[in-house]
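The structure appears below as structure tokens.
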Amino acid sequence: MINVILATHGTLADALLASSRMVYGELPHVFPVMLTQNKGINSFGDEFAAVLKQASKGADGVVVLCDLQSGTPWNIACHYAFNPDTQPPVTVLAGVNFPMLLLSDEIKDLTDVEQATAQLLANTQDTLVQAALAETAQSDDF
């Protein structure tokens, strides 16, 4: 089983989870942790460690989805991901978006965190698109 930590600045993690409940339903494999204005880096680090401990229970791996590369949530997540003593193994992705969160449900039953991370990344790269007019004319008649 692969669990997910949603690590963001501000309340983005809670907002993404609230939206996912509205559109998709509960994602019990997802654990939010947020760096807020009134929380220092050390306090966030302690909270992240506690959430990681919770997300690790019974899991084969944990994928951390961060909002921003090189921000505090990313840096703290990478501390655990690159520590060989961290069990179960942890991977980290930056640039979390709503489709990525929803598609994380497809990886929860895998057992290899590296494979799960690669699959999630591959499945969500095409979710960033620019709107364009359709190239074919469509009839207004039904």
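Take 79 as the starting number for the sequence shown in our numbering and just add one per residue.
In this text, a Cβ means the ideal position worked out from N, Cα and C, and glycines have one as well.
Values in this document were obtained by computation on a predicted structure and should not be read as measured data.
### Task
Give the secondary structure of Gly139 by DSSP, where H, G and I count as helix, E and B as strand, and everything else as coil.
strand
### Query
Taking the alpha-carbon positions, what's the Thr150 to Ala209 distance?
32 Å
#### Entry: Boundaries (first-last residue) of the alpha helix (DSSP H) holding Asn120
Ile119 to Ser134
### Task
Pick helix, strand or coil for Leu199, following the three-state DSSP scheme.
helix
### Query
Any idea if Gly139 is buried or exposed, counting beta-carbon neighbours within 10 angstroms, 16 or more meaning buried?
buried
### Message
Short of 7 Å in beta carbon distance, which residues of its chain neighbour Ser98, apart from the five on each side in sequence? Order them along the chain.
### Response
Leu105, Leu179 and Leu180
### Query
Which residues does DSSP pair with Ser110 in a beta bridge?
The sequence shown places Pro at residue 110, not Ser. Leu84.
#### Entry: Length of the line joining the Cα atoms of Gln147 and Gly173
7 Å
### Message
So, with DSSP's three-state summary, where would you put Val174?
### Response
coil
### Task
Would you kindly report the start and end of the unbroken alpha helix (DSSP H) that includes Ala155?
Thr150 to Ala159
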